[in-house]
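Chemist:
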């Protein structure tokens, strides 16, 4: 009787209970604690039940990991959360690949080398390595180390296809277990690493929420695969939970953009679109000062704030909340409209606004808020672009046609803050800016909001 | 082998059921929290150090580092975020 498996199941149960408590902000924090207790149990049981462990190396590894992970967790700014989750996905995938590789080097050429073992090792290394390199590319894009624009080269699809075939063939060869195993495992690792890179570089900035969700799912699948290698229930249960979580988020993100997963991965949307400059000239834009905007706010009863990635870049979440607080003190209604793909990861805007002490009851999702625009006096769009482009509703030629958008144009007045007239990440111009009820206030979101608040106080 | 596949499939279903109930407001903490859970590979990493001074042991140790980053960083940052979610 393997008692340790009972403890792994207990850990799994605690993970599930923890995730269950994530269904409400009130219980979520305790849920995270429950989940971490599950992890502690899994680790302690492993240390206690397995003999012949190298405790010194484990201790050194854990100390190094704790310092690095702890520093990341404490230092990261809320605006930088997408990068951090991306890099953590990478470490998770990397850890699983290393576990499988360790098993390979220990068992290869011994009587323990079976087809099952080598097959699962191959799959585990493939998913783990792909997650590792893909996540680091996603991190580099989000951090601005490499361009957020899609990077494409001629024959990319064919190249990916060939690498994928090489990878598949090498995993099959590994499973068969004959031939030069060291050479085969090297090919598995290299081809998976290259695939992780070439599948991630063509994906544009605005599609990052999908990619991060997908890599999140992969990191879970990689852990489960390592569980299959070691026949360890703990890894399989936890990996499956994370895999499912990532898949659901991926699906929600794809739905938020009305795109298929295949289109996101192979579409390379977000490059330079021809004719975008010409479209700008046709728009009749009204540019107002913050003073004029303040007067419009003063006359308004109901205001909806629409935050986008520009708000995160400008670190303007606190300034936005201060303006909202002032308006609410004057007896006005203020709500926040959060599009599913606003920002660079699922729920990005919610975390930023929570950081600025905006109560979560005021944050409304797409379905809740869209009817509210009908009787809204002012919609304040802060650094959002594609998610408020009405072309998505009617212009069949638009790349974002069919994407569910926030109907800000239904408001009496739309005040749009942008730094410049540059198009959004989908690379297309927004016809909303030229609408009769639209007013542009140019400038950095934080500077603009601070000035707006000063002007409001002077009225 | 059938056993582990059964466990995997059932766990996936539970995952789907539980996670569809998470509201969009909490999607970022959900992600970093589930990220911490995927640090469970640390269990495999610990076991890998059994190999006794060979390549496997060292790979296991690097995996322990990676897994710990995931576990510690993931849970801490999730807690930091969830602490901020407040009512009126």
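Residue numbers (my numbering), protein chains in the order written: chain X, 248 to 706; chain A, 4 to 91.
We treat Cβ as the ideally placed atom computed from N, Cα and C, and that holds for glycine.
Please report the straight-line C-alpha distance between residue 483 of chain X and residue 614 of chain X, rounded to a whole angstrom.
Modeler: For this step, residue 483 of chain X is matched to residue 236 along the first chain. For this step, residue 614 of chain X is matched to residue 367 along the first chain. Each residue's alpha carbon lies about 36 Å from the other.
Chemist: List, in order along the chain, the chain A residues whose C-beta lies closer than 7 Å to that of residue 730 of chain X?
Modeler: The first residue shown for chain X is 248 and the last is 706, placing residue 730 of chain X beyond what the model contains.
Chemist: I want to verify the contact list: residues of chain A whose CB lies under 8 Å from the CB of residue 275 of chain X, in sequence order.
Modeler: In the first chain, the residue the question calls residue 275 of chain X occupies position 28. Simply 29, 32, 85 and 88.
Chemist: Which residues, in chain order, does the region 606-618 of chain X contribute to contact with chain A at a C-beta distance below 7 Å?
Modeler: Of all residues in the region 606-618 of chain X, 606, 607, 608, 610 and 612 have a Cβ within less than 7 Å of some Cβ in chain A.
Chemist: Could you say if the region 674-682 of chain X and the region 629-637 of chain X meet the contact criterion of at least three C-beta pairs nearer than 8 Å?
Modeler: yes
Chemist: Using a Cβ-Cβ cutoff of less than 8 Å, which residues in the same chain neighbour residue 281 of chain X once the five nearest sequence positions on both sides are dropped?
Modeler: As a working mapping, residue 281 of chain X is identified with position 34 in the first chain. Here the set comprises 261, 264, 265 and 268.
Chemist: For the region 622-632 of chain X against the region 599-608 of chain X, are there 3 or more C-beta pairs whose distance is under 8 Å?
Modeler: no
Chemist: Runs of 3 residues minimum, wholly inside the region 570-604 of chain X: which ones carry the beta strand (DSSP E) assignment?
Modeler: 580-585
Chemist: Let me check understanding here. Comparing Cα to Cα, which of X/419, X/486, X/469 and X/354 lies closest to residue 94 of chain A?
Modeler: The requested residue 94 of chain A does not occur in the structure, where chain A is confined to residues 4 to 91.
Chemist: Of all the CB atoms in chain A, is at least one closer than 8 Å to the CB of residue 550 of chain X?
Modeler: As a first step, residue 550 of chain X must be located in the first chain, where it is residue number 303. Chain A contact via Cβ: absent.
Chemist: Specify whether the region 66-78 of chain A and the region 305-314 of chain X touch according to this definition: at least 3 beta carbon pairs, one from each stretch, less than 8 Å apart.
Modeler: yes
Chemist: Could you name each continuous alpha helix (DSSP H) segment of 4 residues or more that falls completely within the region 619-696 of chain X, going from the start of the chain to the end?
Modeler: 638-641
Chemist: Compare the C-beta of residue 5 of chain A with all C-beta atoms of chain X and state if any pair is closer than 8 Å.
Modeler: Here residue 5 of chain A corresponds to residue number 2 of the second chain, with the count starting at 1. No, residue 5 of chain A does not count as interfacial toward chain X.
Chemist: Have a look at X/457, X/666, X/298 and X/504 and flag the residue whose alpha-carbon is nearest the alpha-carbon of residue 647 of chain X.
Modeler: Indexing the first chain from 1 puts residue 647 of chain X at position 400. Nearest option by C-alpha distance: X/504.
Chemist: Helix, strand or coil: which one does DSSP assign to residue 545 of chain X?
Modeler: As a first step, residue 545 of chain X is located in the first chain; it is residue number 298 there, counting from the start. Looking at residue 545 of chain X - three-state DSSP - the assignment turns out to be helix.
Chemist: Compare the Cα-Cα distances from residue 540 of chain X to each of X/320, X/376 and X/700 and report the closest residue.
Modeler: In the first chain, the residue the question calls residue 540 of chain X occupies position 293. Of the candidates X/320, X/376 and X/700, the one whose C-alpha sits nearest the C-alpha of residue 540 of chain X is X/700.
Chemist: With DSSP run on the structure shown, which of helix, strand or coil describes residue 12 of chain A?
Modeler: Within the second chain, the letter at position 9 stands for residue 12 of chain A. Note: residue 12 of chain A maps to helix in three-state DSSP.
Chemist: Which residues, in chain order, does the region 448-475 of chain X contribute to contact with chain A at a C-beta distance below 8 Å?
Modeler: 459, 460, 463, 466, 467, 469, 470, 471, 473, 474 and 475
Chemist: Grouping DSSP H, G and I as helix and E and B as strand, with all else coil, what is residue 91 of chain A?
Modeler: Here residue 91 of chain A refers to the residue found at position 88 of the second chain. Reduced to three states, the DSSP call for residue 91 of chain A is coil.
Chemist: Looking at chain A, is there any beta carbon in it that lies within less than 8 Å of the beta carbon of residue 308 of chain X?
Modeler: Taking the first chain and counting its residues from 1, one reaches residue 308 of chain X at position 61. By this cut-off, residue 308 of chain X is an interface position.
Chemist: Runs of 4 residues minimum, wholly inside the region 390-435 of chain X: which ones carry the alpha helix (DSSP H) assignment?
Modeler: 403-423
Chemist: Which class does residue 456 of chain X belong to by DSSP, given the choice of helix, strand or coil?
Modeler: By 1-based counting over the first chain, the position of residue 456 of chain X is 209. In the structure shown, residue 456 of chain X sits in a helix (DSSP, three-state: H, G or I).
Chemist: What is the rounded straight-line gap between the Cα of residue 387 of chain X and the Cα of residue 381 of chain X?
Modeler: Residue numbering aside, residue 387 of chain X sits at position 140 when the first chain is read from its first letter. Residue numbering aside, residue 381 of chain X sits at position 134 when the first chain is read from its first letter. Between residue 387 of chain X and residue 381 of chain X, the C-alpha separation is close to 10 Å.
Chemist: Please classify residue 306 of chain X as buried or exposed, where buried requires at least 16 neighbouring CB atoms within 10 angstroms.
Modeler: Along the first chain, one-based indexing puts residue 306 of chain X at 59. Answer is exposed; the Cβ neighbour count stays below 16.
Chemist: Report yes or no: is there a C-beta of chain X within less than 8 Å of the C-beta of residue 81 of chain A?
Modeler: Within the second chain, residue 81 of chain A is the residue found at index 78, counting from 1. With 8 Å as the cut-off, residue 81 of chain A counts as an interface residue toward chain X.
Chemist: Taking 8 Å as the CB-CB limit, is residue 502 of chain X close to chain A?
Modeler: Counting from 1 along the first chain, the entry for residue 502 of chain X is found at position 255. Residue contact check for residue 502 of chain X against chain A: no CB pair falls below 8 Å.
Chemist: Does DSSP put residue 611 of chain X in a helix, in a strand, or in coil?
Modeler: Along the first chain, read from residue 1 onward, the residue named residue 611 of chain X stands at position 364. Of the three classes helix, strand and coil, the one that applies to residue 611 of chain X here is strand, per DSSP.
Chemist: Using a Cβ-Cβ distance cut-off of 8 Å, determine whether residue 650 of chain X contacts chain A.
Modeler: Taking the first chain and counting its residues from 1, the one referred to as residue 650 of chain X is at position 403. No - not a single Cβ of chain A is within 8 Å of the one on residue 650 of chain X.
Chemist: When you compare the CB of residue 592 of chain X with every CB in chain A, is at least one pair closer than 8 Å?
Modeler: Indexing the first chain from 1 puts residue 592 of chain X at position 345. Yes, residue 592 of chain X counts as interfacial toward chain A.
Chemist: At which residues does the alpha helix (DSSP H) containing residue 256 of chain X begin and terminate?
Modeler: Locating residue 256 of chain X in the first chain gives position 9, counting from the first residue. Residues 250-267.
Chemist: Starting from the Cα of residue 405 of chain X, find the closest Cα among X/554, X/417, X/442 and X/466 and give me that residue.
Modeler: Indexing the first chain from 1 puts residue 405 of chain X at position 158. Nearest of X/554, X/417, X/442 and X/466 to residue 405 of chain X, Cα basis: X/442.
Chemist: Since I believe residue 345 of chain X is in contact with residue 62 of chain A (beta carbons under 8 Å), could you give me their beta-carbon distance rounded to a whole number of angstroms?
Modeler: Position 59 of the second chain, counting from 1, holds the residue named residue 62 of chain A. Position 98 of the first chain, counting from 1, holds the residue named residue 345 of chain X. Their Cβ separation, rounded to whole angstroms, is 5 Å, which keeps residue 62 of chain A and residue 345 of chain X in contact under 8 Å.
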